[in-house]
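Residue 3 in the working numbering sits at position 3 of the sequence shown; the count goes up by one each step and never skips. Built from N, CA and C at the ideal position, the CB exists for glycine as well. Just so it is clear, the structure is predicted and the values come from calculations on it, not from any experiment.
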Amino acid sequence: MDTGQRVQCPELVLTEGFYDADDSGRLYRLLRDGHAWPDNRYCVAGRQFVLPRLQTWHADAGIRYSYSNNLLQTRPWTALLSEIKAKVEAYVNYPFNSVLVNCYRDGNDYVGWHADNERELGEQPVIASLTLGAARPLQFRHKKTLAQGQIVLPSGSLLVMQPNFQHHWLHSVPMDANLREGRINLTFRRVVVPDGRDSLSG
1 MDTGQRVQCP
11 ELVLTEGFYD
21 ADDSGRLYRL
31 LRDGHAWPDN
41 RYCVAGRQFV
51 LPRLQTWHAD
61 AGIRYSYSNN
71 LLQTRPWTAL
81 LSEIKAKVEA
91 YVNYPFNSVL
101 VNCYRDGNDY
111 VGWHADNERE
121 LGEQPVIASL
131 TLGAARPLQF
141 RHKKTLAQGQ
151 IVLPSGSLLV
161 MQPNFQHHWL
171 HSVPMDANLR
181 EGRINLTFRR
191 VVVPDGRDSL
201 SG
């Protein structure tokens, strides 16, 4: 039963039109058609699963990241991803050293309830999420009160998840069986190196 109160979340800051319609469409097509998308099968504890979307992980040299005990294969930055990263960093005024690129091929692709609170992201993670392609809602639910809501992410929009968001909220992108268009989402992150130091602090 849905008992959560519908709320807004001040720890989510959305900028629509971060890329205009022409640039959003161009970037979406470049990534959809030119990005080297891998197979979407992965293993956890010796068991094989199928990820309900396509995904790649790109980071500076020496950066490692995992979720659900699944260590992602680190790829180098492409010229296109580096270009987008520079624009996002300049706008947010925050340096990132990695990006998770997700391709939702249609409304059957999704991501379940989770928080991006892996220890590799440090105590106060800032995540900048760029949407290209079909608009999809991001649902969020408070971990303690169960208050919940959603925010629609149109193409070209940039959503900044403030540090406390991961501490207090879960989020998801639900299935939509009626949606035929695809969406590509880039979530820029700042990973802490294994000894606990900020990898950007030297």
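Inset, instruction - Consult DSSP for Asp127 and reduce its assignment to one of helix, strand or coil. - result: According to the sequence as given, residue 127 is Ile; it is not Asp. Under the three-state reduction of DSSP output, Ile127 falls in the strand class.
Legend entry - Exposed unless 16 or more other CB atoms sit within 10 angstroms - verdict on Val152: That one is exposed.
Inset, instruction - Consult DSSP for Tyr167 and reduce its assignment to one of helix, strand or coil. - result: Looking at the sequence provided, one finds His at residue 167 rather than Tyr. Assigned with DSSP and collapsed to three states, His167 falls in helix.
Inset, instruction - Answer with buried or exposed for Asn97, where buried requires no fewer than 16 other C-beta atoms within 10 angstroms of its C-beta. - result: With 16 or more other CB atoms across the displayed protein chains lying within 10 angstroms of its CB, Asn97 is buried.
Inset, instruction - Compute the Euclidean distance between the alpha carbons of Arg47 and Tyr28, then round it to the nearest angstrom. - result: Going by C-alpha positions, Arg47 is about 33 angstroms away from Tyr28.
Legend entry - Status (buried if at least 16 other CB within 10 Å, exposed otherwise) for Phe18: Flag for Phe18 reads buried.
Inset, instruction - Return the chain-ordered list of same chain residues with a C-beta closer than 6 angstroms to the C-beta of Asp33, the five sequence neighbours on each side being excluded. - result: There are no such residues.
Inset, instruction - List the residues that DSSP assigns as beta-bridge partners of Ile184. - result: For Ile184, the pairing in a beta bridge is given by DSSP as Cys103 and Leu132.
Legend entry - Assumed close pair Arg64, Thr56 - CB separation to whole angstroms, cut-off 8 angstroms: Wrong, their Cβ atoms sit about 15 angstroms apart, outside the cutoff.
Inset, instruction - Reducing DSSP to helix, strand and coil, say where Ala155 ends up. - result: According to the sequence displayed, residue 155 carries Ser and not Ala. DSSP places Ser155 in the coil class of the three-state scheme, outside both helix and strand.
Legend entry - Coil, strand or helix - Gly25 by DSSP: Reduced to three states, the DSSP call for Gly25 is helix.
Legend entry - Bridge partner(s) assigned by DSSP for Leu54: DSSP lists Cys103 as the bridge partner or partners of Leu54.
Inset, instruction - Tell me whether Leu179 sits in a helix, a strand or coil according to DSSP, three-state version. - result: It is coil, neither helix nor strand.
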